[in-house]
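S.K.:
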Amino acid sequence: MVAMSYRIAPRAWTQLPELTPQQEAAARQAPGMTVVAAGPGTGKTLVVAEAASRHVLAGGSLERTVVLAHSRTAAQALRRDITRRLPRAQTSAQVTTIHGLSLGLLGRYWPHEDSPWRLLRAPEQESRIRELLDGVPADAWPEEVRPALGTRAFARQLREVLARARQFSLDSEGVGALAREAGDDLFASVARFMEDYLTVGDFSGTLDYAELVYRTRLLLTEAPVAESVRGAFDAVIVDDAHELDSAQVALVTDLARVGLPVLALGDPHQRIGGYRGASPSALADLAALPGSRSLTLTHGFRNAEEVGRALAALDSRLDQHHAAPTPVAVQSSGDVVSRVFDDESAELAHVAAELRHAVTYQGCSWHDLVVVTRAGRTQLSAVAKELIRLGVPVEVSGDEIALAEQPAVGTVLLALGVAARGGAPEADEARLLLSSPLCGLDGVAQRRLARSLLARHRELGTSSALLGRCLGEPHLLDGIDGEDAAAALELSRLLRHTADLLRSGAEVQVALWSLWDATDWPSRLRDQALHGSRRANADLDAMVELFDLAERMDDLLGVAGATTFITEVAGQEIPADTGRELAAEGRGVQVMTAHRTRGLEWERVWVIGVQEGLWPRLSRPGLLLDAERLSADHLAPRASAHNCSASGNSSTSPARGPARCSRSAPCRGSTARVAARPGSWASWAFR
Numbered sequence: 001m002v003a004m005s006y007r008i009a010p011r012a013w014t015q016l017p018e019l020t021p022q023q024e025a026a027a028r029q030a031p032g033m034t035v036v037a038a039g040p041g042t043g044k045t046l047v048v049a050e051a052a053s054r055h056v057l058a059g060g061s062l063e064r065t066v067v068l069a070h071s072r073t074a075a076q077a078l079r080r081d082i083t084r085r086l087p088r089a090q091t092s093a094q095v096t097t098i099h100g101l102s103l104g105l106l107g108r109y110w111p112h113e114d115s116p117w118r119l120l121r122a123p124e125q126e127s128r129i130r131e132l133l134d135g136v137p138a139d140a141w142p143e144e145v146r147p148a149l150g151t152r153a154f155a156r157q158l159r160e161v162l163a164r165a166r167q168f169s170l171d172s173e174g175v176g177a178l179a180r181e182a183g184d185d186l187f188a189s190v191a192r193f194m195e196d197y198l199t200v201g202d203f204s205g206t207l208d209y210a211e212l213v214y215r216t217r218l219l220l221t222e223a224p225v226a227e228s229v230r231g232a233f234d235a236v237i238v239d240d241a242h243e244l245d246s247a248q249v250a251l252v253t254d255l256a257r258v259g260l261p262v263l264a265l266g267d268p269h270q271r272i273g274g275y276r277g278a279s280p281s282a283l284a285d286l287a288a289l290p291g292s293r294s295l296t297l298t299h300g301f302r303n304a305e306e307v308g309r310a311l312a313a314l315d316s317r318l319d320q321h322h323a324a325p326t327p328v329a330v331q332s333s334g335d336v337v338s339r340v341f342d343d344e345s346a347e348l349a350h351v352a353a354e355l356r357h358a359v360t361y362q363g364c365s366w367h368d369l370v371v372v373t374r375a376g377r378t379q380l381s382a383v384a385k386e387l388i389r390l391g392v393p394v395e396v397s398g399d400e401i402a403l404a405e406q407p408a409v410g411t412v413l414l415a416l417g418v419a420a421r422g423g424a425p426e427a428d429e430a431r432l433l434l435s436s437p438l439c440g441l442d443g444v445a446q447r448r449l450a451r452s453l454l455a456r457h458r459e460l461g462t463s464s465a466l467l468g469r470c471l472g473e474p475h476l477l478d479g480i481d482g483e484d485a486a487a488a489l490e491l492s493r494l495l496r497h498t499a500d501l502l503r504s505g506a507e508v509q510v511a512l513w514s515l516w517d518a519t520d521w522p523s524r525l526r527d528q529a530l531h532g533s534r535r536a537n538a539d540l541d542a543m544v545e546l547f548d549l550a551e552r553m554d555d556l557l558g559v560a561g562a563t564t565f566i567t568e569v570a571g572q573e574i575p576a577d578t579g580r581e582l583a584a585e586g587r588g589v590q591v592m593t594a595h596r597t598r599g600l601e602w603e604r605v606w607v608i609g610v611q612e613g614l615w616p617r618l619s620r621p622g623l624l625l626d627a628e629r630l631s632a633d634h635l636a637p638r639a640s641a642h643n644c645s646a647s648g649n650s651s652t653s654p655a656r657g658p659a660r661c662s663r664s665a666p667c668r669g670s671t672a673r674v675a676a677r678p679g680s681w682a683s684w685a686f687r
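Position 485 (the sequence shown) corresponds to 485 in UniProt numbering; numbering is contiguous.
(1) Count the other C-beta atoms from every protein chain shown that fall within 10 angstroms of the C-beta of Glu-18, then say buried if there are 16 or more, exposed otherwise.
(2) Return the CA-CA distance between Arg-535 and Arg-85, expressed in angstroms with no decimal places.
(3) So Ser-279 and Leu-244 are supposed to be a Cβ contact under 8 Å. How far apart are they, rounded?
(4) What is the residue span of the alpha helix (DSSP H) that Gln-509 lies within?
(5) Under the rule that 16 or more other beta-carbon atoms within 10 Å means buried, what is Val-337, buried or exposed?
(6) Are the CB atoms of Pro-437 and Trp-366 within a distance shorter than 8 Å?
(7) Restricting to Cα atoms, I'd like to know which of Asp-239, Ala-247, Asp-254 is closest to Val-225.
(8) Going by beta carbon distance, what residues of the same chain come within less than 6 Å of Ala-427, once the five residues before and after it are set aside?
(9) Identify whether Arg-656 lies in helix, strand or coil by the three-state DSSP scheme.
(10) For Val-371, is the classification buried or exposed, using 16 other Cβ atoms within 10 angstroms of its Cβ as the cut-off for buried?
(11) If I measure Cβ to Cβ from Ser-53 and keep anything under 8 Å in the same chain, skipping five residues before and after, which residues do I get?
(12) Within 10 Å of its beta-carbon, does Ser-523 have 16 or more other beta-carbons around it, so buried, or fewer, so exposed?
(13) Exposed or buried, what is Glu-354 when buried is set at 16 or more other beta-carbons lying within 10 Å of its beta-carbon?
(14) Any idea if Phe-203 is buried or exposed, counting beta-carbon neighbours within 10 angstroms, 16 or more meaning buried?
(15) Helix, strand or coil for Arg-580 per DSSP?
(16) Can you give the Cα-Cα distance for Gln-76 and Thr-96, rounded to whole angstroms?
(17) Whole-angstrom Cβ separation of Arg-604 and Cys-364, contact assumed at under 8 Å?
(18) Scan the stretch 455-529 and note each continuous alpha helix (DSSP H) run of 4 residues or more that stays entirely inside, going in chain order.
(19) Mapping DSSP to helix, strand and coil, what is Trp-117?
(20) Would you grab the beta carbon distance between Ala-486 and Leu-441 for me? Rounded to a whole angstrom, and I think it's under 8 Å.
(21) Quick check: the Cα distance between Ala-26 and Asp-368, rounded to an integer number of angstroms?
(22) Go ahead and pull the three-state DSSP assignment for His-70.
(23) Using alpha carbons as the reference points, say which of Phe-193, Ala-89, Gly-32 lies closest to Arg-257.
(24) Hey, how far is the Cα of Leu-556 from the Cα of Leu-466?
(25) When DSSP labels each residue in this structure, what does Trp-606 get in the three-state scheme?
(26) Can you tell me the Cα-Cα spacing of Ala-542 and Val-409, whole angstroms?
(27) Is it true that the CB of Gly-561 sits closer than 8 Å to the CB of Val-508?
(28) Do the stretch 260-274 and the stretch 219-239 make contact, defined as three or more Cβ pairs closer than 8 Å?
(29) Hey, out of Gly-100, Leu-57, Ser-169, Ala-570, whose CA is closest to Gln-90's CA?
(30) Can you tell which of Phe-341, Ala-241, Gln-248 has the C-alpha that lies nearest to the C-alpha of Leu-212?
(31) Apart from the five residues just before and just after Leu-460, which ones in its own chain have a Cβ nearer than 7 Å to its Cβ?
(32) Give the list of continuous alpha helix (DSSP H) stretches no shorter than 4 residues that lie fully inside the stretch 152-238.
(33) Relative to the alpha-carbon of Phe-154, which residue among Leu-186, Leu-297, Ile-480, Ser-533 has its alpha-carbon at the smallest distance?
(34) Could you name the residues of the same chain whose beta carbon sits closer than 6 Å to that of Thr-34, not counting the 5 residues immediately before and after it, in chain order?
(35) Please report the distance separating the alpha-carbon of Pro-268 from that of Gly-39.
(36) Below 8 Å CB to CB, which residues in the same chain sit around Ile-388 once its five sequence neighbours on both sides are set aside?
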């Protein structure tokens with residue numbers, strides 16, 4: 001036997017970049033409010049990390065230095081950037097979102113009587129609103145909206161109204177007073193509903209995001225609390241301050257007023273959260289605080305000259321109020337092109353050809369490339385699947401997709417629904433369950449089992465019909481030998497066992513666990529995840545989220561509870577921010593929405609599906625927020641270092657023409673019309 005030894009290679013340390021004089025001035029500790037306007041690629045997040053690490057190196061700690069990011073994912077990335085600058089480990093780091101900070105302050109200074117406050121994520125909030133609407137008599141609402149009361153669209157818009165009211169520090173009485181002043185019956189009904197909604201939240205110990213910030217602001221008006229907060233923290237640093245809504249801006253201002261130094265960085269031209277209330281004047285409002293100082297970062301490190309010119313053209317059409325100047329472009333080659341294809345299939349075929357060409361012939365890595373498209377149910381999943389079919393490895397972040405759309409969750413919910421009906425699936429459901437990880441019979445195995453069933457029960461119908469019946473009628477499998485029949489029989493018994501649990505009134509989470517734990521599927525996923533499978537990690541994350549939701553809905557019992565649970569999960573159209581999202585591993589082209597691109601950088605960016613009036617469209621039909629739409633057009637080019645392609649197709653509505661971004665950006669010539677599908681490679685790809 002040959003003796004073998006292993007040596008662990010030392011970690012390859014990354015050289016930290018030196019700060020420019022502008023960045024140095026921004027990162028320098030200063031009392032009061034400091035507002036930094038910073039364009040794309042100017043090192044805004046670098047300044048945040050450097051400023052936080054300097055507070056720690058000066059004798060503080062990350063527990064006393066509050067760093068606020070726009071999302072949990074961004075906070076996790078910032079935490080990594082900060083800690084690698086420090087010589088020692090840090091505990092209880094306050095690198096979080098503004099909602100995370102608010103929840104911590106509320107739990108410390110305003111605890112709930114029975115249990116800790118729980119934050120309602122957007123899908124749960126929408127579900128609660130629909131539940132409350134079902135209990136309100138229709139005549140409590142004006143006649144013109146009664147037909148819409150049961151729709152998801154009405155619940156979604158009502159959720160937005162409640163959030164806006166709290167962002168403007170209005171309670172139900174304030175909304176009612178405004179309604180009476182304007183003679184608006186609809187908002188009078190909203191005020192009454194808001195009172196019920198807040199009361200239910202108090203009883204259950206739950207808060208939505210807007211209510212959380214509102215109550216935190218109330219806390220800071222109390223002198224003892226303000227004094228305690230001033231003693232608990234040394235400084236507050238806010239990244240992407242342009243994404244703050246008016247209530248969050250007021251909260252950051254309140255923290256400055258209690259005596260904490262505040263550093264806020266952002267760029268109004270990168271604001272894409274207007275649909276959820278992000279204030280266009282966030283930076284200007286922060287800079288208006290007496291004694292504040294304002295700085296700018298103008299030296300760009302990302303965009304090539306051609307991309308920089310495109311951004312400057314878009315900048316000229318946006319509101320310049322307290323906006324950062326367009327960064328000085330990097331001296332390197334680049335390109336911005338705009339094209340229209342015959343249809344979506346041809347568009348994706350050309351994009352896939354360009355992606356493969358960039359990797360094969362131009363020295364790019366897959367993780368240097370990104371495809372930007374529409375959100376979740378509309379296009380993102382379909383685009384990812386088609387690119388994979390065309391030979392392009394793809395990565396999609398888990399929180400881009402609603403819980404019900406996760407494959408593992410869909411499988412378990414399908415089995416739960418069958419069990420709620422007694423354990424006998426329909427023919428199509430049976431085939432899906434047989435091929436699922438709960439059973440594992442592929443197409444060949446199912447055909448083999450179907451032939452065996454037909455050989456024994458020819459008088460009962462076709463092989464396809466028998467295959468569909470075998471799970472609900474397991475006696476059909478009697479006398480059939482082999483692993484295929486044994487696997488089908490085990491699945492049938494599992495469905496019947498879960499059905500018995502539901503009939504006995506078991507909690508939904510118990511029935512779910514019965515389905516999940518009865519096979520080797522969880523252990524297979526675990527092994528795959530430990531070997532680096534991103535798909536397995538995503539499936540496990542989704543299942544943890546599903547069980548968390550079932551645990552929170554522990555009042556759902558039996559068959560009726562299972563049916564309600566399935567309906568609730570299926571109705572969650574909004575992906576939840578779970579905090580369990582995995583960082584992209586650099587194994588494929590990232591496919592994401594425009595909102596996800598902020599603060600990130602790739603060598604080349606493809607923006608697809610662009611069409612005037614369809615996408616980008618951040619407002620509901622009838623609400624034309626042109627500046628907001630241009631901001632979405634503006635975001636993806638900002639993420640591109642050298643090359644950016646904007647494309648659409650004429651299959652939906654030829655009369656609409658290309659979107660305004662392709663008309664306003666100085667592309668290489670006019671918008672090109674590209675006919676048919678590509679050949680072996682795209683001859684007009686980026687050069």
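Here a beta-carbon is modelled for each residue, glycine too, at the ideal position from N, C-alpha and C.
M.R.: Reading off the structure:
(1) exposed
(2) 32 Å
(3) 6 Å
(4) 508-517
(5) buried
(6) no
(7) Asp-254
(8) Gly-468
(9) Low confidence applies to Arg-656: its pLDDT is 48, below 50, so where it sits in the model is not reliable enough to give any reading.
(10) buried
(11) Ile-82, Arg-85, Leu-86
(12) exposed
(13) buried
(14) exposed
(15) Legend: pLDDT at Arg-580 = 47, less than 50; position of this residue unreliable, no value from coordinates given.
(16) 8 Å
(17) 7 Å
(18) 463-469, 483-503, 508-517
(19) coil
(20) Not confirmed; about 11 Å, so no contact.
(21) 29 Å
(22) coil
(23) Gly-32
(24) 34 Å
(25) strand
(26) 7 Å
(27) yes
(28) yes
(29) Leu-57
(30) Gln-248
(31) Leu-466
(32) 152-167, 172-182, 185-204, 209-220, 223-232
(33) Leu-186
(34) Leu-263, Arg-293
(35) 9 Å
(36) Val-394
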